[in-house]
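S.K.: Next up is a structure, given as structure tokens.
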Amino acid sequence: MYFVLSKVLVGFAMPLFWVVAILLYAAFIGSNRRRKQAVIVALIVLYFFSIKITADIFARLWDTPPYSLHNRTYSAVVILGGMVSEDRQGNSYFNNAADRYYKGLMLYRSGVAKKIVFTGGNASLNPGKFTEAAFVHSELLKAGVADSSIILEGKARNTMENAAFTKPLLKKNHLKPPYLLVTSASHMPRAKLLFKKAGIDIVAYPCQYQESAELSFFDFLPDTESMEQWNTYVKEVIGYVVALCR
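What follows is the structure, given as structure tokens:
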């Protein structure tokens, strides 16, 4: 129930929902003056959440900074799910969070991590047989990773479950902490908090930074990608606050 409710509540918090809500308010309000004010507010909110510059400023404040490895080695790298999607035909594919997979694979191949631990099931409200863990397992084998070096957790639907279900796996396989934790830079603050609350000693290795390298004129023009970026951050802030309160 908590899983379903959290998805619904996050949907109501998205910027575009509030733009539509304000415009609906404007459509039904009797006062012309208030109607104009509501439309102006809706346009301001829409512009603010659809330009790259505002998303990038927040990203610099929120994202976990890059980590330098300092020639250390780790017993395992824990890669969080959220990077695999499924189309209507049931075909699995890497989505725009695939940098998690490639960074985790790089850490293993370079000898920094001795094992790859992947945690991710099916986060759909109407899940089928598809699991991220099964797809990633197949991709790792294709990439030449030994099956004995892969540890899978295929039931987790969210970050809290990632931490809860991964902990016994780490103990069962006698992997010594700390563990490298790989996920998107925007997701890392929440992931770090939940893994530490679960009693797992981790070292954050963030990836998939979304901010622009340089400021340009186009950063002030509305685009759908910036709105998507803001959707991600709104979700992460809500998730972080909920994690703090649990």
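Residue numbering for the sequence shown is 1388 to 1633, as defined by this note's numbering. In this text, a Cβ means the ideal position worked out from N, Cα and C, and glycines have one as well.
DSSP has I1503 in a bridge; who is on the other side?
M.R.: Note: I1503 sits in a beta bridge opposite V1464 and I1537.
S.K.: Can you grab the Cα-Cα spacing for the pair W1617 / W1405, in whole Å?
M.R.: Straight-line Cα distance between these residues: approximately 13 Å.
S.K.: Ordered along the chain, which non-local residues of its own chain (more than five positions away) have a Cβ less than 6 Å from that of P1564?
M.R.: Correct list, in chain order: D1588.
S.K.: Please list, in chain order, all residues of the same chain as R1422 whose beta carbon is under 6 Å from its beta carbon, the five residues on each side excluded.
M.R.: Correct list, in chain order: A1413 and I1416.
S.K.: Do the stretch 1612–1628 and the stretch 1434–1452 meet, that is, are 3 or more Cβ pairs less than 8 Å apart?
M.R.: With a cut-off of 8 Å, the stretch 1434–1452 and the stretch 1612–1628 count as touching, because enough Cβ pairs lie within range.
S.K.: Going by DSSP, what residue range makes up the beta strand (DSSP E) through S1479?
M.R.: Where S1479 is concerned, the enclosing beta strand (DSSP E) stretches over S1479 to F1481.
S.K.: From G1468 to Y1454, what does the alpha carbon distance come to, in whole angstroms?
M.R.: If I take the Cα positions, the gap works out to 20 Å.
S.K.: Using the C-alpha atoms, what's the distance from E1526 back to A1533?
M.R.: Rounded to whole angstroms, A1533 to E1526 spans 12 Å at the Cα level.
S.K.: Please classify E1540 as buried or exposed, where buried requires at least 16 other C-beta atoms within 10 Å of its C-beta.
M.R.: With 16 or more other Cβ atoms within 10 Å, it is buried.
S.K.: What first and last residue would you give for the beta strand (DSSP E) that runs through L1568?
M.R.: Element bounds for L1568: Y1566 to S1571.
S.K.: Tell whether a beta-carbon distance below 7 Å holds between V1465 and V1504.
M.R.: A contact, by the Cβ cut-off of 7 Å.
S.K.: Can we say the stretch 1472–1489 touches the stretch 1455–1462, given the rule of at least three CB pairs closer than 8 Å?
M.R.: With a cut-off of 8 Å, the stretch 1455–1462 and the stretch 1472–1489 do not count as touching, because too few Cβ pairs lie within range.
S.K.: Decide if P1593 is buried, meaning its Cβ has at least 16 other Cβ atoms within 10 Å, or exposed.
M.R.: By the neighbour-count rule (16 or more Cβ atoms within 10 Å), P1593 is buried.
S.K.: Please determine if the stretch 1599–1610 and the stretch 1426–1441 are in contact, where contact requires at least 3 C-beta pairs separated by less than 8 Å.
M.R.: The stretch 1599–1610 vs the stretch 1426–1441: in contact.
S.K.: If I measure Cβ to Cβ from V1590 and keep anything under 8 Å in the same chain, skipping five residues before and after, which residues do I get?
M.R.: Answer for V1590: Y1454, Y1461, P1565, Y1566, L1567 and L1568, listed in chain order.
S.K.: Which ranges would you report for the alpha helix (DSSP H) in the stretch 1543–1599 if only whole runs of at least 4 residues count?
M.R.: Listed in chain order, the complete alpha helix (DSSP H) runs (minimum 4 residues) inside the stretch 1543–1599 are 1546–1559 and 1575–1584.
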